[in-house]
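>
Number of protein chains: 2
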Amino acid sequence: MLSASIEDYIKAIYALQTDRETASTKRIAERLGVKMASVTGMIKHLAAEGYAKHKPYRGAVLTERGKRVALGMIRRHRLIELFLASTLGLSWDELHADAELLEHAVSDRLIERMFEYLGRPQFDPHGSPIPSRDGSMTPRHSSRLDELALGDTGKVVAVSGRDPEFLRYLTDLNLRIGSKILVRDRAPFNGPITLRVGSRTIAIGHEAAARIRVSVDAPTKGARKPKPEVKRGSRTSRRAHKRR
Amino acid sequence: MLSASIEDYIKAIYALQTDRETASTKRIAERLGVKMASVTGMIKHLAAEGYAKHKPYRGAVLTERGKRVALGMIRRHRLIELFLASTLGLSWDELHADAELLEHAVSDRLIERMFEYLGRPQFDPHGSPIPSRDGSMTPRHSSRLDELALGDTGKVVAVSGRDPEFLRYLTDLNLRIGSKILVRDRAPFNGPITLRVGSRTIAIGHEAAARIRVSVDAPTKGARKPKPEVKRGSRTSRRAHKRR
DNA sequence: GTATAAACTTTGTCATGCCTAAGTTTTGTT
DNA sequence: AACAAAACTTAGGCATGACAAAGTTTATAC
Ligand SMILES: [Mn+2]
Ligand SMILES: [Mn+2]
Ligand SMILES: [Mn+2]
Ligand SMILES: [Mn+2]
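This is the structure:
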């Protein structure tokens, strides 16, 4: 059995090597809250055990074996978050810390029971895909909110950061998974983005917007991109979504 | 924060000192699956931290502080078992092993959410009382099944051992929490006890019967004790222990 | 191209929690 | 009382996983 530490290191390397090609010692250390010396030691251990390859002074990369472990842990983590949200009604900002510990303690049997109980779900409460038992994930065509064009409409499908403060901030703004949005204005120089969310108009920083993933509606034929700050009728979206 | 090991040691000492006055090194070691030398070391550590008193060559006794920890852990353990049974529908033989690990990983916040979700329950799926936040437990007036008299009727309210084999055996016999039983026969020399359970008649060993707690019905005025279904039933076991 | 800074590794140390082997105390015979 | 067995403690060691300090490599600045 792998220790909780090892599982967390593997998860961290996986997450980091997903943007960049490789996970640097420094970033792993930051993510896990340990010193770089400890990371070097663990990378060597992981390499010795066949979970990762160590390129000295160049960081770590997971082997196939390591990736399998990582996806297994992500599956557990996300199922646990969804399970806690579904049963105890925890809000999305309360989930991560508990899941981070429980992922190492919940038995495989329990995980599979949760999976069935939840109806074989595809996504967790943050909109992230839940890897299947064999490690495949349903990908989703979505855009970063900060990259939408003026007038675009869409629906929030996922949020990256797991910082509770950030998630509560989004909740305050009425932004949650499924929220419909319309881009009203985009200030230049990485300035704030103004959105229509439900009946409210909000401004959100570039930083935050980049952490929000949106599925953009296909433009309706004949629909004009609305001019910014202009009063408009109801937004036209071809697709009939359940409305609120 | 206390380590999982320490929490398990404290729980073990609590359980052991509840029968006997004191928890011996040997029995703690057996219960936790470690060697006696390890137990001695840990007892000294617990004593140094104020959770227990060590009487060398005489075992360990928890301090008030230690007892508080023990009751807290028992509360967690039992709430987790009930929560898993209620949500995922795990049967009583599947609960203990998972709870034994989860009790160390679930946050206080989650425990309290479970407590509310479950409607502030008093008993776990094995019928054991769940300590309240302040450490008090609802006691229950019940008798060991092996001490019932011939003709007694009652309801199963709790089962001690947590061995899955044993619990599945009881399930096969139709014995679960709430099952109504009637004592049909008691063989002498610690022999089997014959019971009516629902519409079935079963025989259960003395050993097993001692692990089953029953709340005995008050005898109805005018009700006859049914005759044991033995023809030559006169070598009757001595009836009535502590009754009435 | 050299100097400095940043990233990284190596070495040695420490706390936990377990074990084996050896020694001590208690208990149970006879 | 005397001896053996059982229960227990002590001493020494090992694995894990963290850290600090010191040394090395790579990147950046001038
Ligand atoms: Mn999470
Ligand atoms: Mn974790
Ligand atoms: Mn249990
Ligand atoms: Mn435990």
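So the protein sequences, as listed, match chains A and B. For the first sequence, the working numbering assigns the number 1 to the initial residue and increments by one for each residue that follows. For the second sequence, the working numbering assigns the number 1001 to the initial residue and increments by one for each residue that follows. Using N, Cα and C, we set each Cβ at its ideal position, and we do this for glycine too.
(1) Assuming B:Ser1215 is part of the beta strand (DSSP E), what are its boundary residues?
(2) Name the chain A residues whose beta carbon is nearer than 9 Å to that of B:Val1106?
(3) Counting only beta-carbon separations shorter than 9 Å, does A:Gly89 have a partner in chain B?
(4) Consider the Cβ of B:Phe1083: report whether some Cβ of chain A lies at a distance smaller than 9 Å.
(5) Can we say the stretch 1116-1124 of chain B touches the stretch 1057-1072 of chain B, given the rule of at least three CB pairs closer than 8 Å?
(6) Going along the chain, which residues of its own chain have a beta-carbon closer than 6 Å to the beta-carbon of A:Ile74, five neighbours each way excluded?
(7) Using DSSP's beta-bridge definition, name the partner residues of A:Val156.
(8) With a cut-off of 9 Å, does the C-beta of A:Lys11 fall near any C-beta of chain B?
(9) Could you give the DSSP three-state label for A:Asp185: helix, strand or coil?
(10) Taking a cut of 9 Å between CB atoms, which residues from the stretch 1107-1136 of chain B lie near chain A?
(11) Name the two residues that bound the continuous alpha helix (DSSP H) containing A:His104.
(12) Using the C-alpha atoms, what's the distance from B:Glu1094 back to B:Val1100?
(13) Mapping DSSP to helix, strand and coil, what is A:Lys180?
(14) Could you check how far apart the C-beta atoms of A:Ile10 and A:Leu46 are, in whole angstroms? I think they sit under 8 Å.
(15) Could you check whether the Cβ of A:Glu7 sits closer than 9 Å to any Cβ belonging to chain B?
(16) Take A:Glu64 as the anchor and find which of A:Tyr169, A:Thr25, A:His141, A:Glu49 has the nearest alpha-carbon.
(17) Output the boundary residues of the beta strand (DSSP E) element that contains A:Ile202.
(18) Taking only the alpha-carbon atoms, compute the straight-line gap between B:Tyr1014 and B:Met1042 and give it to the nearest angstrom.
(19) Using a threshold of 9 Å, state whether the C-beta atoms of A:Leu145 and A:Ile181 are closer than that.
(20) Under three-state DSSP, which class holds B:His1141?
(21) From this set, A:Ile204, A:Ser128, A:Glu165, which residue's C-alpha is nearest A:Val76's C-alpha?
(22) Does the Cβ-Cβ distance between A:Ala208 and A:Ile177 come in under 9 Å?
(23) Quick one: is the Cβ of B:Leu1102 within less than 8 Å of any heavy atom of ligand 3?
(24) Taking 8 Å as the cut-off, does the CB of A:Asp124 come closer than this to any heavy atom belonging to ligand 1?
(25) Which residue from A:Ala149, A:Glu81, A:Ser215 puts its Cα closest to that of A:Ala187?
(26) Let me confirm a value: A:Met114 is counted as buried when at least 16 other C-beta atoms fall within 10 Å, else exposed. Which label applies?
(27) Checking 9 Å against the spacing of the C-beta atoms, do A:Thr40 and A:Thr25 come in under that value?
(28) Skipping 5 residues on each side, what residues in its chain have a beta carbon closer than 6 Å to that of A:Ala4?
(29) If contacts are defined as beta-carbon pairs under 8 Å, then A:Ser142 and A:Val214 qualify, I think. What distance do you get, rounded to the angstrom?
(30) For ligand 4, I want to know if B:Asp1008 counts as a neighbour, meaning its beta carbon is within less than 8 Å of at least one of the ligand's heavy atoms.
(31) For A:Glu7, count the other beta carbons within 10 Å of its own beta carbon; 16 or more makes it buried, fewer makes it exposed. Which is it?
(32) For B:Thr1153, does the count of other Cβ atoms within 10 angstroms reach 16, so buried, or fall short, so exposed?
(33) Near A:Ala12, what residues of its chain come up, given a Cβ to Cβ distance below 6 Å and the 5 sequence neighbours on each side ignored?
(34) For A:Glu94, would you say it is in contact with chain B, using Cβ-to-Cβ distances shorter than 9 Å as the test?
(35) With hydrogens ignored, establish whether the beta-carbon of A:His96 is closer than 8 Å to any heavy atom of ligand 1.
(36) Quick one: residues in its chain with C-beta nearer than 6 Å to the C-beta of B:Leu1090, no 5 flanking neighbours on either side, listed in chain order?
Put simply:
(1) First-last of the beta strand (DSSP E) with B:Ser1215: 1212-1216.
(2) Taking a Cβ-Cβ cut-off of 9 Å, the neighbours of B:Val1106 in chain A comprise Asp98, Leu101, Leu102, Ala105, given in sequence order.
(3) Judged by the 9 Å Cβ criterion, A:Gly89 is in contact with chain B.
(4) Closer than 9 Å: yes.
(5) As far as the Cβ criterion goes, the stretch 1116-1124 of chain B does not touch the stretch 1057-1072 of chain B, which means the pair count is below three.
(6) Same-chain partners within the cutoff: Pro131.
(7) DSSP output for A:Val156 lists A:Val214 as bridge partner(s).
(8) No, its Cβ sits nowhere closer than 9 Å to a Cβ of chain B.
(9) Strand.
(10) Cβ contacts with chain A: Ser1107, Arg1109, Leu1110, Arg1113, Met1114, Glu1116, Tyr1117.
(11) Looking at the DSSP string, A:His104 is not in any alpha helix (DSSP H), and its letter there is neither H nor E.
(12) Before going further, note that residue 1100 of chain B is Glu rather than Val in the sequence given. For B:Glu1100 and B:Glu1094, the distance between alpha carbons rounds to 11 Å.
(13) Strand at A:Lys180.
(14) Taking 8 Å as the upper bound for CB-CB distance, A:Ile10 and A:Leu46 are in contact here, some 7 Å apart.
(15) Answer no: the Cβ-Cβ gap between A:Glu7 and chain B never drops below 9 Å.
(16) Checking every option, the nearest Cα to that of A:Glu64 belongs to A:Glu49.
(17) A:Ile202 -> beta strand (DSSP E) spans 200-204.
(18) A straight-line Cα-Cα distance of about 15 Å links B:Tyr1014 and B:Met1042.
(19) Against a cut-off of 9 Å, the Cβ pair of A:Ile181 and A:Leu145 comes out as a contact.
(20) DSSP places B:His1141 in the coil class of the three-state scheme, outside both helix and strand.
(21) The amino acid occupying residue 76 of chain A in the given sequence is Arg; Val does not appear at that position. Of all alpha-carbon atoms in A:Ile204, A:Ser128, A:Glu165, the one lying nearest the alpha-carbon of A:Arg76 is that of A:Ser128.
(22) Their beta carbons are not under 9 Å apart, which means A:Ala208 does not touch A:Ile177 by this criterion.
(23) For B:Leu1102, the shortest C-beta to heavy atom distance toward ligand 3 is 8 Å or greater.
(24) Answer for A:Asp124: yes, Cβ within range of ligand 1.
(25) Answer by Cα proximity: A:Ala149.
(26) A:Met114 is buried by the Cβ-count criterion.
(27) If you check the CB distance, A:Thr40 and A:Thr25 come in under 9 Å.
(28) Spatial neighbours of A:Ala4 in its own chain (CB-CB distance under 6 Å, excluding positions within 5 residues in sequence) are listed in chain order as His104.
(29) Right, the Cβ-Cβ distance comes to about 6 Å (below 8 Å), so this counts as a contact.
(30) It does: the Cβ of B:Asp1008 is within 8 Å (strictly closer) of some heavy atom of ligand 4.
(31) Of the residues assessed, A:Glu7 falls on the buried side of the cut-off, its CB having 16 or more other CB atoms within 10 angstroms.
(32) A residue is called buried once 16 or more other Cβ atoms fall within 10 Å of its Cβ, and B:Thr1153 is buried on that count.
(33) Result list for A:Ala12: Ile28, Arg31, Leu32, in chain order.
(34) Cβ-Cβ to chain B under 9 Å: yes for A:Glu94.
(35) True, at least one ligand heavy atom lies under 8 Å from that Cβ.
(36) Closer than 6 Å at Cβ, skipping near neighbours: Leu1084.
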